[in-house]
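So the structure is just underneath, and the comments pick up after that.
Protein chains: 2
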Amino acid sequence: MTTTFLDIVKNCDNFPYPNEKIDEENLMLSTVPLLLNNVKIGLIPKTTISALKKYNEQHKKPYPFIIEDTFVTFASHLNTFEERTQIIKNLLITWREEKTFPALEGWRDELYPVYGPSNDIAFVIERSATPLFGVLTFGVHLSAYIRTPEGKLKMWIAKRSKTKPKWPGYLDNTVAGGIPYMLSTSETVVKEAMEEASLPAEIAEKAKPVGAITYFIVTKNGLQPEAEYVYDLELPIDVIPKPLDGEVECFYLWDIDEVKTHILANEFKPNCALVIIDFMIRHSIIKPENEPSYLEILSRLHRRFEFPAPTF
Amino acid sequence: MTTTFLDIVKNCDNFPYPNEKIDEENLMLSTVPLLLNNVKIGLIPKTTISALKKYNEQHKKPYPFIIEDTFVTFASHLNTFEERTQIIKNLLITWREEKTFPALEGWRDELYPVYGPSNDIAFVIERSATPLFGVLTFGVHLSAYIRTPEGKLKMWIAKRSKTKPKWPGYLDNTVAGGIPYMLSTSETVVKEAMEEASLPAEIAEKAKPVGAITYFIVTKNGLQPEAEYVYDLELPIDVIPKPLDGEVECFYLWDIDEVKTHILANEFKPNCALVIIDFMIRHSIIKPENEPSYLEILSRLHRRFEFPAPTF
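Order-wise, the sequence lines are chains A and B.
FYI, the numbering for the first sequence is 1 to 312, going by the UniProt record's numbering.
FYI, the numbering for the second sequence is 1 to 312, going by the UniProt record's numbering.
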């Protein structure tokens, strides 16, 4: 059967919706909320729970985590940002040493914020560990494009380096990156535009925020509800993105039909394909009259989460 | 407390989400799905159920509707488009004569399609009755705007006629209308652009489809899950929309700050405010860094429904 844009969206937004039945035997899809002051800030797959119980038992009482059938939360003596951050750090060092989770083999030494009630940061956590707790992560994705003198739109597509630990050799947006602790969305765009595409700040600052996609992907590493703020950047035709930090192998300048073909051939990193599908909807390339699943695609590109999110 | 864009969105997308508790005593929010071949095609508020039971009992057996605690569906002898359309028509004529529902006082004599499994049209129904069955309805909304010689964006805003039965005197998008049976989205745009704004086809055809908003509004008349396909149209500065069919009183050409002020003052028809909020996100006026509820707004503008939708 031919692959459709909806199939591509479902490859990425693949966590069951409330009306879809979850096989409770699947310990990855069967989850327990991570609470802070009764607010849900993560969705812990049951594959994490037994390791969390073991970690508790390696500790003297009071245990650091309260682990009930219907929720997990921090013990009451861990009630500050610093204390929560420290216990999560200790836990992850233990799990990394004991090789408890393959996810931690991709250790990045990057700290991601986890938002709590009132949008305060509840704690920060090593990036590679976020799927073990199903916490919402944030990134920016920039689509750079040109208009030819004939008015034709072409997109700058990155090819990920073959040495990247995740999705090596796959196609990617022109610039993309996670939003680390203490950076805003537009600061992240400017930083990543230089690191990944050699685009100087005076050009990257012209990128326009035009929305966000939100989706919930299940991978072998765990649960990843993600929000990617999307930026458009029309480049002059003589500005050529170039790899700088080794994360990108090369850039292609493709017309829309070429981009579509590579999306439908599953050659893009899944979430990057979604950013381009959103781009194509906003730029009237995908239309109500040529896409039978227009509404379903739009809804799945903007999945609603119950988690707190940042205010930049 | 100051009104926010999120408040404006919640005014319109006000049906509870799956994680929100519904007061079962509220017969409008307590619902029973309308099924066709086991596919949910509507969400009937319990305020409709007793009238539906009464209608059944006015009939000889076999009753036209199967009304169970957990679903409503058509009796098996009503298994074609024509038969379902006819029984709904007879039912509504009865209810209109008996003044069963205030919703039917706004009788429009316009037929709306209700989609069923495989995206076939299950039946058509008088427009004013759609909230009694919570069926998904479809419309187009066009935002016309100009750029001044200084590059400033101004939007054409319609003021609804004071004689309109719904939302008289409220502000509206430049052009908007329901998609009637047998018209496509772009045909509806062209038709409404002439009727409401005197814009000729050669101009209206330049409108670009740039997405859709989907939301679920509860009104005193019933339940309205709605999808509005959104179009942008940049007009030359010398093209002036003018009322034609009496539904619009006049047009204003406002800069963005004026538009924002009128939105936050609740002067727009609720769903039209949402179309402009979506416009402002796509045009980088509302940004991650100036809107704390950016992600929540985007998700609520693209609510996911389980109903079948058209393929134009």
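Ideal placement from N, C-alpha and C gives every residue a C-beta, glycine not left out.
Because the structure is a prediction, the values reported are computed rather than measured.
- When C-beta distances to chain A are compared with 8 Å, the residues of the segment 199-219 of chain B below that value are LYS208, PRO209, VAL210, GLY211, ALA212, THR214, in chain order.
- For ASP232 of chain B, the enclosing beta strand (DSSP E) stretches over residues 222-234.
- In its chain, beyond the 5 residues on either side, LEU35, ILE66 have a beta carbon closer than 6 Å to the beta carbon of THR73 of chain A.
- Secondary structure of MET155 of chain A (DSSP, three-state): strand.
- Here the alpha carbons of SER299 of chain B and PRO18 of chain B stand approximately 14 Å from one another.
- Residues of chain A whose Cβ lies closer than 7 Å to the Cβ of PHE312 of chain B are, in chain order, PRO288, GLU289.
- Here THR261 of chain A carries a helix assignment [DSSP, helix/strand/coil].
- Residue state for ARG303 of chain B is assigned as coil, using DSSP reduced to three classes.
- By the rule that beta-carbons nearer than 8 Å mark a contact, HIS141 of chain B does not touch chain A.
- Judged by pairs of C-beta atoms under 8 Å, the segment 264-278 of chain A does not touch the segment 183-196 of chain A, as fewer than three such pairs exist.
- The DSSP assignment places 256-264, 270-282 as complete runs of the alpha helix (DSSP H) inside the segment 243-294 of chain B, in order along the chain (cut-off: 4 residues).
- Secondary structure within the segment 105-142 of chain B: the beta strand (DSSP E) runs of 3 or more consecutive residues, fully enclosed, are 111-115, 121-126 (chain order).
- The CB of ILE281 of chain B comes closer than 9 Å to the CB of PRO209, VAL210, GLY211, ALA212 in chain A, given here in chain order.
- Cα atoms of THR311 of chain B and ASN290 of chain A: separation of roughly 8 Å, rounded to the nearest angstrom.
- GLU192 of chain B and GLU98 of chain B have their C-alpha atoms some 33 Å from each other.
- Membership of VAL210 of chain B in the beta strand (DSSP E) is indicated by the continuous run 208-219.
- For SER161 of chain B, the CB contacts under 7 Å within the same chain, skipping 5 residues up- and downstream, are PRO168, GLY246, GLU247, VAL248, GLU249 in chain order.
- Just so you know, the alpha carbons of TYR112 of chain A and GLY178 of chain A end up roughly 8 Å apart.
- The segment 33-51 of chain A and the segment 143-160 of chain A do not touch, with fewer than 3 CB-CB distances between them shorter than 8 Å.
- Scanning its chain for C-beta atoms nearer than 8 Å, with the 5 sequence neighbours on each side dropped, one finds around PHE5 of chain A the residues ILE263, LEU264, ILE277, ILE286, GLU291, SER293, ILE297, in chain order.
- Excluding residues up to 5 positions away in sequence, nothing lies with its Cβ nearer than 6 Å to the Cβ of GLU105 of chain A in the same chain.
- Interface residue (Cβ-Cβ distance to chain B less than 8 Å): THR185 of chain A is classified as such.
- In chain order, ARG108, GLU110, TYR112 place their CB closer than 6 Å to the CB of ARG127 of chain A, counting only its own chain and leaving out the 5 sequence neighbours on each side.
- For TYR112 of chain B, the closest Cβ of chain A is not nearer than 8 Å.
- The C-alpha of LEU78 of chain B lies about 56 Å from the C-alpha of GLU150 of chain A.
- Straight across, the Cα-Cα distance linking GLY139 of chain B with PRO180 of chain B is about 8 Å.
- If you check each beta-carbon in the segment 221-235 of chain B against every beta-carbon of chain A, the ones closer than 8 Å belong to ALA227, TYR229.
- LYS269 of chain B sits buried, since 16 or more C-beta atoms from the chains shown fall within 10 Å of its C-beta.
- A contact between stretches requires three or more CB pairs, one per stretch, nearer than 8 Å, and the segment 113-122 of chain B fails this requirement with the segment 192-202 of chain B.
- Separation of the CB atoms of LEU142 of chain A and ASN173 of chain A is rounded to 6 Å, and the pair is thereby assigned contact status at 8 Å.
- In the DSSP assignment, LYS40 of chain B falls within the unbroken beta strand (DSSP E) covering 39-45.
- In this structure GLN58 of chain A is exposed. Its beta-carbon is surrounded by fewer than 16 other beta-carbon atoms within 10 angstroms.
- PHE65 of chain A: member of the beta strand (DSSP E) spanning 65-67, first to last residue.
- Boundaries of the alpha helix (DSSP H) around THR94 of chain B: 81-97.
- Straight across, the Cα-Cα distance linking THR2 of chain A with THR261 of chain A is about 12 Å.
- The closest CA to that of GLU196 of chain A, considering only A:LEU223, A:GLU267, A:ILE240, A:THR214, is found on A:ILE240.
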